[in-house]
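Residues 1 to 617 in full-length UniProt numbering are what the sequence shown lists, from first letter to last.
Where is the CB? At the ideal position from N, CA and C, for every residue including glycine.
If you're wondering where the values come from, they're calculated on a predicted model, not measured in any experiment.
One structure below.
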Amino acid sequence: MSKLFSKKKISPRDFLNNVDPTNPNPVLECSNWYAFRLYWRYVIPFQWALFVGIICIFIGSGIDAYLISSIKTIVDNGTGILNSSVLLAFAYILIIFMSIRAVMQFVSQYLFAWAQEKLSVSLSEKVFAHISRMPQAFFDIHGNGRIISKIQYEVSTMLGAISNSLLTISRDGSTVISFLVVMFYTNWVLSSVIFLMIPVVYLVLKLVSASVKRITQGQMKSSEIQTKLLNEMIHGHAVVNLYNAQEFEHKRFYEQIEQIRKRSQKGVAITNLGHTIVQFVASLLLVLVIVLAAYATDLDLPPITPGDFIVIFSAMFGLLKPVRNLTNVYTGFVQSLTAGKSIMGLLSLDTEEDKGTLTAEQVDFSKDINYENISFAYPTRKDEPILEDFNLKIEAGKTYAFVGKSGGGKSTIVSLLSRTYDVDKGKITIDGHDIRDIKLEALRNNIGVVSQNVHLFDDTIYNNIVYCDVDKYTPEQVQRAAELAYVTNFTSEFPQGLQTRIGSSGSRLSGGQRQRIAIARALLRNKPILVLDEATSALDNESEYFIQQSLEELQKGRTVLTIAHRLSTIEKSDQICVILGGQIVEQGTHAELIQNPHGEYHKLYTRDFKEQAISNS
């Protein structure tokens with residue numbers, strides 16, 4: 001899959017066509033180089049802070065190197081004793097330079113932290129905005145846990161590792177460079193010993209990186225599952241309590257956090273082992289420097305003064321920590337790259353396709369709707385077509401009801417109209433225009449939807465009705481819509497009325513109350529096309545009666561597509577379409593269809609009538 005993202009963005013359709021529907025965790029990542037290029041775009045606005053911070057770090061490292069080299073001047077003064085005037089001068093210089101170094105350290109750390117926080121906000125916002133514009137098929141393939149994990153875990157992992165890596169590379173890298181310059185300037189023969197560390201460090205990094213990559217991928221996967229379990233437990237807490245499944249859910253959650261702990265511990269162990277090897281080899285090199293200094297005359301090496309030895313030994317000892325940190329930074333880099341490839345792979349996907357050019361003013365949405373030779377299969381079930389060569393003309397201003405067995409394609413027909421999914425073959429037209437030629441925003445702004453699965457937000461009833469259009473409607477208009485949907489029948493019992501907060505997904509309301517709010521939301525927008533997908537399924541008989549009156553008023557002069565479980569609610573529809581196996585097997589008015597005792601509609605209606613009679617008895 002990574003090859004798909006090596007050069008350019010990929011459309012959602014191309015991505016979905018390359019996904020194995022039997023794989024619950026399709027790979028979504030890009031190449032290393034493409035991930036870096038894409039990431040750098042988000043760094044550019046803050047690169048000045050990173051540049052200034054790096055300059056400050058180099059100044060601080062240069063001061064450290066200068067102070068070490070000054071030891072040679074103090075020790076090798078030619079008298080054999082310490083000169084007080086030289087020491088006092090060094091003390092004054094030390095105060096000045098250490099003050100400058102402290103300021104440089106503060107400025108660099110502040111700028112790096114500022115850039116990281118700004119980048120974190122920018123990237124998190126970008127990922128959230130990008131995900132919100134992905135097609136529905138993307139969410140069908142990727143579960144909630146995986147998507148939430150990308151924003152919460154993977155972004156923080158990537159940015160944290162990159163920030164720490166960049167700071168470490170700048171700070172410790174400049175220290176290594178400065179100290180090496182001092183060492184080779186002082187005595188290049190003894191300093192050459194340091195190059196013996198290069199193959200050791202290379203081998204350690206190669207061995208550690210492969211293990212860290214596998215561990216990080218495992219942690220990311222466990223984090224996705226952990227987030228998914230937490231999300232399912234919160235939303236399904238009523239079922240958890242009903243089945244006394246607290247221990248079951250606790251065990252599943254604990255298994256994932258334990259997996260994360262084990263992988264983290266393993267990663268720390270592998271990293272520390274690498275540190276230990278590097279530190280041990282570095283210690284042996286220090287011993288080698290001492291031996292070479294002791295036998296310098298016998299080995300015919302250039303003369304080594306006490307100052308030379310102290311400077312080189314101090315510099316090499318001072319290199320132990322920076323070299324260890326630079327070894328560690330590669331581990332962080334691998335973690336960052338692993339998470340970054342996943343994040344940038346997501347951002348490499350084009351958002352929902354919208355190539356339409358027609359605006360709302362150029363299309364008359366009150367005209368006929370035509371389904372022409374439509375074929376469609378869900379991305380997760382590409383081998384199981386729901387519709388094949390489906391045709392239907394919906395006359396403007398009339399109500400069309402779709403009935404039939406579950407899985408027959410009723411909901412698919414109406415969801416294709418708003419381009420929740422795009423057809424695989426054929427086209428849907430409104431006023432003679434292919435809906436793919438209409439701007440997506442214009443299309444959806446003219447289709448009102450009330451579905452069986454009502455989603456409300458953790459906000460007030462008022463804000464849920466006006467959702468995202470707070471400034472577009474007056475309080476009087478909202479109140480009127482609430483009255484028509486009989487929302488005010490139950491809000492009158494609340495002290496704060498329409499300003500009552502309803503909890504996550506409307507958890508403080510009954511199913512019927514949530515449905516009425518959704519209907520009020522559609523009534524307020526007054527759109528020319530109305531989709532009612534089991535809109536009254538969650539209502540009791542009394543509420544259903546009142547809302548049916550409101551819906552009948554709402555449907556006047558509009559084109560309505562309705563799906564109903566209770567067939568009694570669609571008897572007045574202008575046309576009833578019986579859907580079976582993705583095809584219309586019967587079509588007509590209620591009066592026409594009920595006359596055929598052997599027809600599918602007659603069977604469905606008779607069964608529905610009996611079920612209602614039993615439920616009312």
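CA nearest to the CA of residue i, picked from the options
i    : options                   : result
Q515 : K410, V454 and E117       : V454
G497 : S507, S504, S505 and E483 : E483
L284 : S156, L320, P306 and I225 : L320
A567 : H590, I584 and E552       : A quick correction: the sequence has Leu, not Ala, at residue 567. Closest by alpha carbon: H590.
T73  : A137, T500 and L87        : L87
V127 : V182, L347, G307 and Q499 : L347
K427 : K393, V478 and K118       : K393
G397 : D308, R480 and S366       : S366
L358 : A377, T380, P379 and D434 : D434
N272 : R436, V585 and L326       : L326
L167 : V268, G53 and I147        : G53
S191 : F309, V278 and D300       : F309
A137 : E258, Y421 and I438       : Y421
P45  : T500, R252 and L123       : L123
Assigned exposure category for residue i - 16 Cβ within 10 Å defines buried
i    : result
P475 : exposed
V121 : exposed
H598 : exposed
S507 : exposed
P135 : buried
N187 : buried
Q575 : buried
N446 : buried
R133 : exposed
E125 : exposed
E92  : One point to set straight first is that residue 92 is Tyr, not Glu, in the sequence displayed. So Y92 counts as exposed.
S85  : exposed
F280 : exposed
H250 : exposed
G307 : buried
V363 : buried
Identity of the residues DSSP links to residue i by a beta bridge
i    : result
T562 : A401 and L532
I430 : I369 and H433
I394 : I369
S314 : Bridge partners of S314: none, in fact.
L417 : Beta-bridge pairing links L417 to no other residue.
Q583 : L580
L387 : F376
I438 : L358
T460 : R501
Where residue i sits in the DSSP three-state scheme
i    : result
F106 : helix
N25  : With a pLDDT of 47 at N25, under the threshold of 50, the modelled position of that residue is not reliable, and the figure given next carries that caveat. Residue state, collapsed to three classes: coil.
R508 : coil
F376 : strand
G448 : strand
E125 : helix
V278 : helix
E249 : helix
G408 : coil
T79  : With a pLDDT of 49 at T79, under the threshold of 50, the modelled position of that residue is not reliable, and no figure is offered here.
R501 : strand
G53  : helix
K572 : coil
I517 : helix
T589 : coil
L358 : strand
I304 : coil
K425 : strand
Beta-carbon contacts of residue i that lie in its chain and below 6 Å, excluding the five residues immediately before and after
i           : result
L530        : G448, R558 and V560
residue 685 : Look at the range of the chain in this structure, 1 to 617, and you will see that residue 685 is not part of it.
N596        : H602
Contact set for residue i: own chain, Cβ-Cβ below 7 Å, skip 5 residues either direction
i    : result
L196 : L285
A564 : A401, V403, E534 and I570
S70  : F90
I63  : F97, I100 and R101
P322 : D172, T175 and V176
I386 : F376, A377, Y378, G409, T412 and G582
K527 : N446, I447 and G448
S314 : I68 and I71
Interface flag, residue i vs chain C, CB-CB below 8 Å
i   : result
W48 : Structure shown: chain C not included; a single protein chain is present.
Beta-carbon proximity list for residue i, same chain, < 8 Å, skipping 5 on both sides
i    : result
E372 : N391, G426, K427, I428 and T429
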